[in-house]
Every structure is written in C-alpha cells, then in structure tokens.
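Each residue of the sequence shown is one higher than the one before, starting from 95 at the first, in this note's numbering.
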Amino acid sequence: MAKYDVFGVGNALVDIQARVPDSVLTELEIDKGIMTLVDDARQADVLGKLHGAKLSRCAGGSAANTIVALAEFGGTAAFVGKIGNDETGEFFLKDMRDLGVTIDVKPSDAPSGTCAVLITEDAQRTMLTNLGASATLGVDDIHEQLIKDSEYVYIEGYLLPGPDTKAAAYKAIDIAKKNNVKVAFTASDPFLVNMLKDEIWELITGPVDLFFCNEEEAKSLTGESDPIQCAAKIHEHCDNVALTLGPKGSIVMHGGEALPIEGVEISALDTTGAGDMYAGALLYGITNGMNWKQAGHLASHAAARVVAQMGARLEHKFTQAEVKELCS
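Here's what the structure looks like:
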C-alpha cells in the first residue's frame, strides 16, 4: 500500500482573509470575483487598506488547500511548495505539519508568497496573489521518493504559467507515470484555460488520470454549452472527470458512465476554497475505499459546508460517523 494517499505540488501561499464592502474593491480598482497576480508594492497597498479589519491567516494555495482537506478527513498526504526564509514561511510549514502533512523543502531567499482573499457580502471572493518565493519552485524541489510512495500526484494549473514551476510540475508528472502513480490535475482558473487551452488538452489526453474543473472552465475548454456534454467530451480522453456546478452539484465521469452528484442547499457566505475542498474530499474518498459515487457525494457536502463559513478550512469537521452516513 502507498504511504501517502496524495502528494500535492503547488504554490505555497499564506492566505490572509478579510470581509470587506464592495467599496474597498472599487477604491483599490480590483476586478471582483477573480484572482489577480500582484507585485510586492501592490500587495502591501492592499493589505494596508485592511487595517482594522478582522483578519484570519492560514497556509493556502490551491493544491495546499486540497491537501489540507484530505488530511483533515484523515487521509495521508505530502506536499511541496516553495517558501521564503521568513516568519511567513515558518508559519506555512508549521501549519501544514501540524495537520500531519509531510513537507520538506529548502527555503528560498525571496519572501514567502501571500494571497489576500477579500470576501464581499454576496460571498464572492476576490484574490490578490503575490507569488513571492512560491514562483521559485523548481525541478530540484521535487522529491522522487515521496512521489513513489503516493497513490496520486495532484497538480494545480496555477503552476503552468511560470517556466520553473511548470518544469517542477512536469517532473512530478514524469516520475509519477514511470512509477505507476496516478496523476490528478485541476484547471484552477477559467483565465488559465483560455490562455493554455492546447497545453491543458495535451495533459488531459496524455498523463492525467483525473481532471478537476468547474462549469466555466469546462465550457471554455470544450466549446460545448451543456455541462454533461462538456464532461463527456473530456471523458473521451481522460479516465476520470470531476466537473463542479456550484450549488447545482457536480458531474463525475468514471468508467464511461456519468454520475450526477446532487448539490446541497446552503446559504453561501464565502466561496473561497470550495473547489479545493471538493477535490480534497473526492481524493480522500477514492483513496480510502469509497466508490466514485460515494466520493462525489462526500465532496459535494464538504464543498457546501465550506461555502457556508468564512475561509477555506472547515470550522466544523466531519466526524467519521458523518462520513460513513454520507457514503452509505
């Protein structure tokens, strides 16, 4: 048996979350509901505008959030992402290790990356990401043995735009395929799909065994308008597909079959990390004895629970009894 359920590769960021009125976004001239990359000066300006607001801080980044979710369900996980030799980097390492996640990486001289997550009253989250040291992740940071010891490698799409981070992602994928370790990949963002559509298709038709995307990403990728047709078109080239539909649930494609997963009615407070939580719960399920329908069911409920609270971490974790009941 594999020592780790999942080995994650992604940007190591410390999320700094705050609830703000729409007027703050207007003042900062920020496009609402999307992720924007910013430099050190811009991030300092944004964080300065949050003075006096109630802030919460946790280790984050897309793949890191998914690994955290899997670990909090009781799964075994390892992660690699580059941090700086500073207090923020030390916070990231401690936060991950306290959850039982194996992480071993040599710090960079650059400052650790941060993500300001601004949550408005309509539950939309607007993210400003300063990659910092995370952008220096490279091939030398990828530990072959950790991958060999894993059932899945999980790669976030946000790594593809940077030459060094892309090389690290592809090295992890190559090691995985040479050692019969499955590869899961998340599209991460509609903007990335539009920018790197051909490359993402090459991954789907090549090494990726499980592809995560949301409805907008799937439509951009396939050119189809119907979500089921989107999922089916992707499934023609990829063994497993998990396509999320927000409050409408999700579609899981496995073994040539479409498995509709119900949505969970909830009053949304903050959509931060919903897709990451879904991926983490589904990966936990399929690596811990659940069938794909059961894992999708658990993932749907986990995503709904995280949307009903602030932040990407579950305030009220699922008990093993609740997990068992959901999957019965």
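All residues carry an ideal CB built from backbone N, CA and C; glycine is no exception. Since the model is a prediction, treat every value here as computed from it, not as a measurement.
In its chain, beyond the 5 residues on either side, G343, H391 and S394 have a beta carbon closer than 8 angstroms to the beta carbon of E356.
Shortest Cα-Cα distance from H329 to any of P341, I161, A312 and G256 involves A312. In the three-state scheme derived from DSSP, where H, G and I count as helix and E and B as strand, N105 is classed as coil. The C-beta of D234 has fewer than 16 other C-beta atoms within 10 Å across all chains shown, which makes the residue exposed. DSSP places H348 inside the beta strand (DSSP E), whose first and last residues are S344 to H348. Scanning D192, R219 and S228 for the CA closest to the CA of T208 turns up S228. Closest option to E310, judged by alpha-carbon separation, among P284, L304 and V335: P284.
Here D333 has D303 as same chain residues with Cβ atoms under 6 angstroms from its own Cβ, once five neighbours each way along the sequence are excluded. Under the criterion of beta carbons closer than 8 angstroms, V100 and A171 qualify as touching, at roughly 5 angstroms. In this structure, V103 places its C-beta atom within 8 angstroms of the C-beta atom of A263. As the crow flies, the alpha-carbon of T196 is around 12 angstroms from that of I241. Excluding its 5 nearest sequence neighbours in each direction, I269 has C-beta neighbours in its own chain below 6 angstroms: E238 and I241, listed in chain order. Looking at the DSSP output, C152 shares a beta bridge with D109. The Cβ-Cβ distance between A165 and L193 falls below 8 angstroms. Ranked by Cα distance from T223, the first of L141, V275, R191 and A281 is L141. The shortest C-alpha to C-alpha distance from M384 to any of R219, K418 and T413 is the one to K418. Per DSSP, P321 lies in no beta strand (DSSP E); the unbroken alpha helix (DSSP H) holding it starts and ends at P321 to H329. Between A106 and L149, the C-beta spacing is not below 8 angstroms. Between A153 and M190 a beta carbon distance of about 5 angstroms is seen, short of the 8 angstroms cut, so the two are scored as contacting.
Between G175 and P201, the gap from beta carbon to beta carbon reaches 8 angstroms or more. Per DSSP, the beta bridge partners of G178 are S202. Boundaries of the beta strand (DSSP E) harbouring L222: R219 to N224, taken from the DSSP string.
Taking G127 as reference, the option from G367, C421 and Q414 with the minimal CA-CA separation is G367.
About 4 angstroms separates the Cβ atoms of G169 and Y378, confirming a contact at the 8 angstroms cut-off. In the three-state reduction of the DSSP assignment, D99 falls in the strand class. In summary, N308 is buried, with 16 or more beta-carbon neighbours lying within 10 Å of its beta-carbon over all protein chains present. Taking 8 angstroms as the upper bound for CB-CB distance, K97 and D198 are not in contact here, some 14 angstroms apart. Taking C-beta atoms as the reference points, I345 and I360 fail to come closer than 8 angstroms. Here A397 is buried: its Cβ has 16 or more other Cβ atoms, across all protein chains shown, within 10 Å. Collapsing the DSSP output to three states places T259 in a helix. When beta bridges are read from the DSSP output, G207 appears opposite L107.
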